[in-house]
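Numbering (this note's numbering), first residue to last: 46 to 239. Ideal placement from N, C-alpha and C gives every residue a C-beta, glycine not left out. What you are looking at is a predicted structure, and each value in this text was computed from that prediction instead of being measured.
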């Protein structure tokens, strides 16, 4: 029987990967760009485990079953995923950082992927908690209000303790969305001055 809980160290590792939008002890959310690329390559005949491994998502950590389930879900939503080209530039709900304009070591890989995704207009999907693709463990978003209100604690990608309360996640997401936009504005201003 497979494992359903990640250690704090594994959560930090997963959270540091640019293809991971969100990682908790029980769930992984992937970026839209990764889902789209992975699904395209899978449909072209590449092996799912190889695609995930190439992105740093080793089956020894996340499990082969989880990879199979991801691809099964993505295949079922093939048209939506492959035709999705929205420029949603929001940031992970769990990658907590200050609005100081600096990024922590845990969020640097994502910050660079945000800039890259702005340039290619294929930013990660991280804003809508209810629409995020979640993997592993039972779906918390479908839990009763009482279960959601219990605010299960988890360790975020940068080691900070957070909750699964939807309100807290939305606040964190909006904070990161603003932070990413401020960094992008600063980058664009710097480019204009050159």
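Check: Residue 64 vs residue 88 beta-carbon contact at 9 Å; Outcome: no
Check: Nearest residue (CA-CA) to residue 82, options 99, 109 and 71; Outcome: 99
Check: Beta-carbon separation (whole angstroms), residue 56 vs residue 68, contact threshold 8 Å; Outcome: 5 Å
Check: N- and C-terminal bounds of the beta strand (DSSP E) containing residue 68; Outcome: 65 to 68
Check: Boundaries of the beta strand (DSSP E) in which residue 74 is found, first to last residue; Outcome: 73 to 75
Check: Alpha carbon of residue 117 to alpha carbon of residue 228, nearest angstrom; Outcome: 36 Å
Check: Residues near residue 62 by beta carbon distance below 6 Å, same chain, minus five either side; Outcome: 101
Check: Of the listed residues 226, 213, 119 and 219, nearest to residue 77 (C-alpha basis); Outcome: 119
Check: Cα-Cα separation between residue 211 and residue 111, rounded to whole angstroms; Outcome: 24 Å
Check: Close Cβ partners of residue 94 (< 8 Å) along its chain, the five nearest in sequence each way excluded; Outcome: 104, 109 and 112
Check: Presumed contact (8 Å Cβ cut-off) between residue 80 and residue 126, rounded CB distance; Outcome: 5 Å
Check: Contact with chain D by residue 234, beta-carbon distance below 9 Å; Outcome: Of the chains in the structure shown, none is chain D; there is only one protein chain.
Check: N- and C-terminal bounds of the alpha helix (DSSP H) containing residue 217; Outcome: 211 to 238
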